[in-house]
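Chains as they are written, first to last, in this note's numbering: chain A, 3 to 352; chain B, 3 to 352.
Positions of the beta carbon are idealized from the N, C-alpha and C atoms, including for glycine.
Step one of this worksheet: look at the structure below.
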């Protein structure tokens with residue numbers, strides 16, 4: 003028999019089981035759906051998880067074995083006996099599965115596979131979509147708040163602090179919110195520091211403190227006249243709109259990425275398609291859900307978009323000597339198109 | 003040659019390298035101290051980390067190999083070639099190392115070991131201690147704030163929200179703060195719900211949003227007369243004080259745990275030493291630093307306390323039909339004793 007085992011502490015585990023636990027394992031197969039949890043968590047696991055069968059460490063013989071061996075050996079041995087008794091011969095594990103167990107499963111055919119729940123999570127249920135909508139709404143509200151207080155001379159640090167506090171008060175947690183200005187915006191991942199001048203990239207990606215679902219949203223705010231930045235922003239806005247226009251069930255991730263790149267290249271800017279070191283130097287987007295980066299990757303893949311997938315479309319342009327711009331929306335795929343979940347004007351001037 | 007490799011995304015990696023990265027690896031040995039990072043992080047890694055040598059994925063041949071194979075195989079192959087060129091024969095990895103790499107390192111002598119940085123982190127530098135002091139101070143302030151607003155009939159949920167917002171405003175992030183009341187306090191890990199009645203356990207363990215260091219602090223607030231709870235609290239306070247009194251450099255974790263258990267048992271209550279299912283059903287404490295639970299474990303181990311270790315002393319008593327109580331301080335070990343970092347009266351009445 004074949005069984006897939008993954009470990010607690012990951013979004014996939016939470017998604018698959020409906021509960022957050024520590025030091026726990028979820029084994030799933032055709033005839034198997036079992037949680038293995040520390041003794042003191044058994045009651046909570048039975049009440050709080052979707053998984054029907056829950057076994058404690060004691061019930062797989064861990065504490066008995068612990069008398070004669072170290073903790074890791076005792077756990078691996080207990081797991082092996084449990085699997086053998088269930089008739090398991092082949093064990094699939096995700097790439098990030100703990101090495102000590104993977105190496106300890108001698109006598110089994112151990113195979114590393116993509117976590118099947120990653121793929122499943124890409125398509126959101128109606129319930130999940132409602133949660134993401136909630137976070138998207140708070141995100142846009144937070145941006146509107148920030149737009150009201152941003153001005154030349156204020157520090158990126160105080161603006162980040164203000165917007166993160168605004169979100170916390172509404173029940174969301176945002177960390178490393180990008181509030182970056184001046185030429186420092188040329189580094190896509192730089193969270194920003196120093197005084198506001200020229201323009202500001204605001205990239206907000208909070209999660210709900212209640213249900214854990216994220217949103218992701220970026221706008222570039224124009225503060226002072228910067229013709230080159232405005233020209234880049236015009237192109238990036240058009241690229242984002244074009245990307246969003248082609249999204250519908252059945253087309254591939256690559257087609258969305260290509261649509262975005264074509265607009266950018268048509269204005270003479272470079273993209274990763276022509277190995278740019280400056281220009282549009284990242285992918286078009288990524289799935290958003292229980293993690294801020296999840297499936298699908300909107301890049302060079304032939305994976306098809308499916309109804310209910312939620313992801314970002316976020317072209318940007320980055321030049322060390324000029325600065326960077328980016329606009330980003332979170333969208334949900336529909337049958338014949340998509341819906342923007344972070345609806346907000348693309349052009350923003352403070 | 004022997005090398006230890008660990009991966010990003012863990013407190014140990016951050017501690018060892020001084021930087022937070024994604025999909026990165028730190029290889030350390032007698033003649034080796036190298037970071038392997040995604041190409042776009044190289045600049046940031048050079049500037050921001052303590053590690054002198056930084057190699058990008060491209061520089062170990064990942065992107066070249068990626069043309070002919072999947073991402074995981076390309077990375078494992080690149081790592082193997084890198085290690086061979088360095089003359090490495092034996093590779094040590096921590097228990098939570100990604101399975102796909104551990105299983106892929108064929109031809110090397112792969113050994114799972116405790117992460118050496120876990121042990122190192124247990125003893126705090128003066129700089130780390132200052133950071134922990136800062137978080138301890140905010141934690142006690144937050145408790146004082148909560149004490150001012152707690153009263154019968156208010157909900158545990160709103161109190162938790164209020165104290166977490168208080169901390170966020172001061173630059174700290176607290177999650178799952180325990181504000182539990184009534185008989186529901188009999189579950190040590192239950193965060194609490196419903197109206198305040200009888201007594202309240204408040205267990206606050208925030209981390210600094212600036213530097214990431216935690217504190218951990220618990221008091222039981224008496225709201226209404228509950229003679230059994232008061233008696234239990236008296237014992238637990240005495241046990242905590244006794245535990246703290248025996249702490250000094252050179253004694254073992256077990257000796258601290260035993261000192262605490264002896265007080266509890268002397269009043270006729272049960273502990274884990276006599277296999278209690280109710281009573282004092284957890285360990286005496288745990289290290290506090292970049293993680294809220296880290297080394298040392300103050301339980302049944304013969305590890306010796308060392309000057310600069312920071313950990314909690316947190317006896318509790320839990321009975322389903324009565325409820326639970328707990329008091330907890332974070333302390334730092336000194337040569338001939340210890341210092342309480344969360345100094346606050348043990349008896350609290352609202």
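For residue i, would you say it is in contact with chain A, using Cβ-to-Cβ distances shorter than 8 Å as the test?
i                      : result
residue 170 of chain B : yes
residue 2 of chain B   : Residue 2 of chain B cannot be examined here, being either before or after the span of chain B that is shown, 3 to 352.
residue 294 of chain B : no
residue 112 of chain B : yes
residue 40 of chain B  : no
residue 118 of chain B : no
residue 97 of chain B  : yes
residue 274 of chain B : no
residue 4 of chain B   : no
residue 81 of chain B  : no
residue 186 of chain B : no
Who are the Cβ neighbours of residue i in its own chain at under 7 Å, not counting the five residues just before and after it?
i                      : result
residue 174 of chain A : 137, 140, 208, 209, 210 and 211
residue 155 of chain A : 197 and 198
residue 76 of chain B  : 64, 67 and 68
residue 221 of chain B : 145, 204, 329, 346 and 350
Looking at the C-beta of residue i, does it have a partner C-beta in chain B at a distance below 8 Å?
i                      : result
residue 205 of chain A : no
residue 208 of chain A : no
residue 298 of chain A : no
residue 21 of chain A  : no
residue 74 of chain A  : yes
residue 101 of chain A : yes
residue 331 of chain A : no
residue 104 of chain A : yes
residue 167 of chain A : yes
Indicate the three-state DSSP secondary structure (helix, strand or coil) for residue i in the structure shown.
i                      : result
residue 257 of chain B : helix
residue 123 of chain A : helix
residue 64 of chain A  : helix
residue 320 of chain B : strand
residue 223 of chain B : strand
residue 152 of chain B : coil
residue 15 of chain B  : helix
residue 209 of chain A : strand
residue 200 of chain A : coil
residue 247 of chain A : helix
residue 239 of chain A : helix
residue 147 of chain B : helix
residue 176 of chain A : coil
residue 193 of chain A : coil
residue 165 of chain B : helix
residue 228 of chain A : coil
residue 332 of chain B : strand
residue 217 of chain B : coil
residue 182 of chain A : strand
residue 115 of chain B : coil
Return the chain-ordered list of same chain residues with a C-beta closer than 8 Å to the C-beta of residue i, the five sequence neighbours on each side being excluded.
i                      : result
residue 118 of chain B : 6
residue 293 of chain A : 13 and 216
residue 342 of chain A : 246, 331, 332 and 333
residue 267 of chain A : 273, 275 and 276
residue 102 of chain B : 74 and 78
residue 54 of chain B  : 35
Can you list, in chain order, the residues of its chain with a C-beta nearer than 6 Å to that of residue i? Leave out the 5 residues immediately preceding and following it.
i                      : result
residue 30 of chain B  : 6
residue 263 of chain B : 273 and 275
residue 1 of chain A   : Absent from the model: residue 1 of chain A. The displayed extent of chain A is 3 to 352, so no value can be given.
residue 22 of chain B  : 16
residue 289 of chain A : 124, 296, 297, 298 and 313
residue 213 of chain A : 133
residue 324 of chain B : 230
residue 310 of chain B : 125 and 126
Could I get the ranges of all uninterrupted alpha helix (DSSP H) runs contained in the stretch 58 to 111 of chain A, with 4 residues as the minimum, in chain order? 64 to 68, 73 to 87 and 101 to 106
Do the stretch 85 to 97 of chain B and the stretch 38 to 57 of chain B meet, that is, are 3 or more Cβ pairs less than 8 Å apart? no
Can you check the stretch 250 to 316 of chain B for any beta strand (DSSP E) of at least 3 residues that lies completely inside it and give the ranges in chain order? 287 to 289, 296 to 300 and 312 to 315
Quick check: the stretch 298 to 307 of chain B against the stretch 174 to 185 of chain B, are at least 3 beta-carbon pairs closer than 8 Å? no
If we require 4 or more residues per run, which alpha helix (DSSP H) segments fall completely within the stretch 18 to 63 of chain A? 44 to 50
Assess, as a yes-or-no matter, whether the stretch 157 to 174 of chain B is touched by the stretch 185 to 197 of chain B under the definition of 3 or more beta carbon pairs within less than 8 Å. yes
Stretch-stretch touch, CB-based, cutoff 8 Å, three pairs: the stretch 313 to 326 of chain A with the stretch 239 to 253 of chain A: yes
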